[in-house]
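S.K.: If you want the working numbering, it's the position in the first sequence, counting the first as 1, plus 1.
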Amino acid sequence: MAKRFWLMKSEPSSFSIDDLRQKKTTLWDGVRNYQARNFMTNEMKVGDEALFYHSNADPPAAVGVMTISGAAEPDPTQFDSEDSHYDPKATPGRPIWYGVRVKFKSKFARPVSLPEMRSHKALQKMVLLQKGSRLSIQPVTEKEFEIVCKLGSKKNPESKK
DNA sequence: GCCAACGTTGGC
DNA sequence: GCCAACGTTGGC
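1. Taking its Cβ as the centre, do 16 or more other Cβ atoms sit within 10 Å of G48, making it buried, or is it exposed?
2. Which of the three DSSP states, helix, strand or coil, is assigned to P116?
3. Going along the chain, which residues of its own chain have a beta-carbon closer than 7 angstroms to the beta-carbon of K90, five neighbours each way excluded?
4. Taking 9 angstroms as the threshold (C-beta atoms), are K126 and E143 in contact?
5. How many angstroms separate the CA atom of Q79 from the CA atom of V149?
6. Out of S85, V32, S114, point me to the one whose CA is closest to P61's CA.
7. Leaving aside the five residues before and after L28 along the sequence, list all residues of the same chain whose C-beta is less than 6 angstroms from its C-beta, in chain order.
8. Per DSSP, what kind of secondary structure is K4 in: helix, strand or coil?
9. Mapping the DSSP letters down to three states, classify F16 as helix, strand or coil.
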């Protein structure tokens, strides 16, 4: 099956691209939305690539790329009553929430901000840009993925003016 | 099954 | 800090 592309959000105040770069790999935990979970359990494959997106940041932006390195597994934070993601309805025998393992691939030379993506003609259909879209894990097309990566690899996007 | 109330996300 | 949009819960 062909490689697919994703966008995954994290608030940099809790986990940033630099944290991932340092750790190299992490379990993408804390997802508590069924649609986002289903992407991880049903659709993601090891080897897929994802844009790392900083939400609630200034500015919100795509900041790098990671690789899906491990299939979905139960998210341990759902069982931990001390954790803010604790879910009392979940048990180890019947987990509700899952996470995939991700591996750092690259950090962009510069962030590709939300307004920049919004102003880009070829990115208009990105799930991220749709009104009211809050999905923390979402598919992106290969083309969208490539465009964002290309924008992120340029040091001086404004110089072409 | 409907829908009001509530909690959360996330841009601004 | 505000608030629009969304998802979930629970009464009926």
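Ideal Cβ positions, reconstructed from N, Cα and C, are used throughout, including at glycine.
M.R.: Per the coordinate set shown:
1. So G48 ends up on the exposed side.
2. When secondary structure is reduced to three states using DSSP, P116 falls in the helix class.
3. Hits under 7 angstroms: I97.
4. Cβ atoms of E143 and K126: not closer than 9 angstroms.
5. Each residue's Cα considered, the two are about 33 angstroms apart.
6. Looking at S85, V32, S114, the one whose alpha-carbon comes closest to that of P61 is S114.
7. So the qualifying residues of the chain are G100, R102.
8. Correct three-state label for K4: coil.
9. Correct three-state label for F16: coil.
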